[in-house]
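In full-length UniProt numbering, the protein residues as written are 1 to 294. Below: one structure, written as structure tokens.
Next comes the structure, spelled out in structure tokens:
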């Protein structure tokens with residue numbers, strides 16, 4: 001048996017400091033600026049309802065992905081293992097010149113502490129509601145998906161010059177707007193849009209409360225990003241007919257789709273269970289529990 005490495009070479013594993021569960025406390029993670037291979041983060045403790053302690057943050061909505069090939073990041077100067085999908089998200093969300101404050105369940109909750117995990121899961125509607133925006137991470141992009149994301153981003157920029165916040169999904173002015181920019185935009189291929197809708201994120205039951213509680217949300221795929229407002233409108237303009245489970249989540253995304261869909265009628269639990277019947281969870285009970293925070 002080989003000798004263990006000297007103490008100076010041992011990897012120091014990160015350990016959580018406990019949260020005060022009687023109070024409205026939570027952790028946030030500071031994703032430190034940089035461009036190197038190593039991801040460096042720092043945990044911050046703050047409160048939900050105390051203005052003097054409130055820190056503006058973004059909340060991540062993503063799928064954990066498999067844990068077969070864990071990646072290593074630095075958290076408070078110590079080693080922390082994360083899934084490959086979360087590692088990729090952190091790499092793409094990290095900015096070269098500015099730190100970013102995020103709420104990420106896998107980092108901000110001590111997953112080994114059952115009491116804390118239950119407490120924080122019950123607070124998730126408030127966490128996502130108070131976020132500046134929700135970041136939806138779909139994963140890495142193919143070439144066609146990357147082109148589609150860039151085309152939708154061009155459309156989103158055109159939206160900034162129109163007072164379109166009250167336009168319904170079928171308003172003809174959307175098409176006029178797209179016609180004015182599409183010749184100078186990357187191609188938005190129909191197959192690429194269907195490919196985006198086929199991502200695992202659109203099947204995970206816990207994303208429902210993350211999206212329904214969002215004040216604003218932005219979809220990231222690879223290096224591209226687009227607001228949910230532009231994304232949902234573009235699907236309609238291109239003539240995409242999403243699968244029923246995708247349509248259900250598109251209907252509740254921030255933007256015109258939420259404002260004028262069945263969601264505006266304040267659906268009860270039975271309606272939610274029917275609309276989101278095809279969503280999955282590792283524990284079947286979560287298919288109900290995941291809707292209680294909606």
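From the three backbone atoms N, C-alpha and C, an ideal C-beta is built for every residue, glycine too.
TODO: May I ask you to report which of helix, strand or coil DSSP gives residue 82?
DONE: strand
*Start and end of the alpha helix (DSSP H) containing residue 258?*
256-260
- Do residue 33 and residue 98 come within 9 Å of each other at the CB atom, strictly closer than that value? Yes.
Discussion item. If you follow the alpha helix (DSSP H) that residue 289 is in, where does it begin and where does it stop?
Written reply: 286-292
Checklist entry - Looking only at C-alpha atoms, which of 218, 21, 160 and 88 sits nearest to residue 58? => result Ranking 218, 21, 160 and 88 by Cα distance to residue 58 puts 218 first.
- Spatial neighbours of residue 78 within its chain, please: CB distance less than 8 Å, with the 5 preceding and 5 following residues excluded, ordered by chain position. 12, 13, 14 and 15
For this session: Please classify residue 61: is it buried, with 16 or more other beta-carbons within 10 angstroms of its beta-carbon, or exposed?
Result: buried
- Query: From 214, 222, 177 and 186, pick the residue whose C-alpha is nearest to that of residue 253; which is it?
  - Reply: 214
Residue environment, residue 274, which counts as buried when at least 16 other CB atoms sit within 10 Å: Classification of residue 274: exposed, given that the 10 Å Cβ count is below 16.
If you run the structure through DSSP and keep just helix, strand and coil, what is residue 201?
-> helix
- Task: Determine, using beta carbons only, whether residue 74 and residue 48 come nearer to each other than 9 Å.
- Result: no
Residue span of the alpha helix (DSSP H) that contains residue 178, given as start and end: Residue 178 -> alpha helix (DSSP H) spans 173-181.
On a Cα-Cα basis, can you pick out the residue from 199, 70 and 160 that is closest to residue 242? Of 199, 70 and 160, the residue nearest in Cα terms is 199.
Excluding the five sequence neighbours on either side, which residues of its own chain have a C-beta within less than 6 Å of the C-beta of residue 144, listed in chain order? 189 and 192
- Item | residue 261 to residue 255 span [Cα, whole Å] | Cα to Cα, the separation comes out at about 10 Å.
- request: Return the first residue and the last residue of the beta strand (DSSP E) that residue 39 is part of.
  value: Run containing residue 39: none; DSSP gives neither H nor E here.
**Asked** DSSP beta-bridge partners for residue 101?
**Response** 30
_Just to confirm the assignment, what range does the alpha helix (DSSP H) spanning residue 210 have?_
207-212
Margin query: Just to confirm my understanding: we take residue 126, look at its own chain, exclude 5 residues before and 5 after, and list those with CB closer than 7 Å. What are they?
Written below: 48
- Message: In the DSSP output, what is residue 59 paired with across the bridge?
- Response: According to DSSP, which records beta bridges pairwise, residue 59 is partnered with 103 and 134.
Just to confirm my understanding: we take residue 38, look at its own chain, exclude 5 residues before and 5 after, and list those with CB closer than 7 Å. What are they?
74
Next item on the list: Throw me the rounded Cβ distance for the residue 196 and residue 107 pair, which I believe falls under 8 Å.
Entry: Contact doesn't hold; Cβ gap of about 26 Å is too wide.
Check residue 46 in the structure and name its three-state DSSP category. strand
Notebook entry, point to check: Do you know how far the Cα of residue 40 is from the Cα of residue 149?
Noted result: 28 Å
- Query: Is it buried or exposed for residue 295, if we count other Cβ within 10 angstroms and need 16 for buried?
  - Reply: Outside the displayed span of the chain (1 to 294) sits residue 295, for which this structure offers no information.
Sequence-distant residues of its chain with Cβ nearer than 7 Å to residue 55 (five each side left out):
28, 44, 46 and 101
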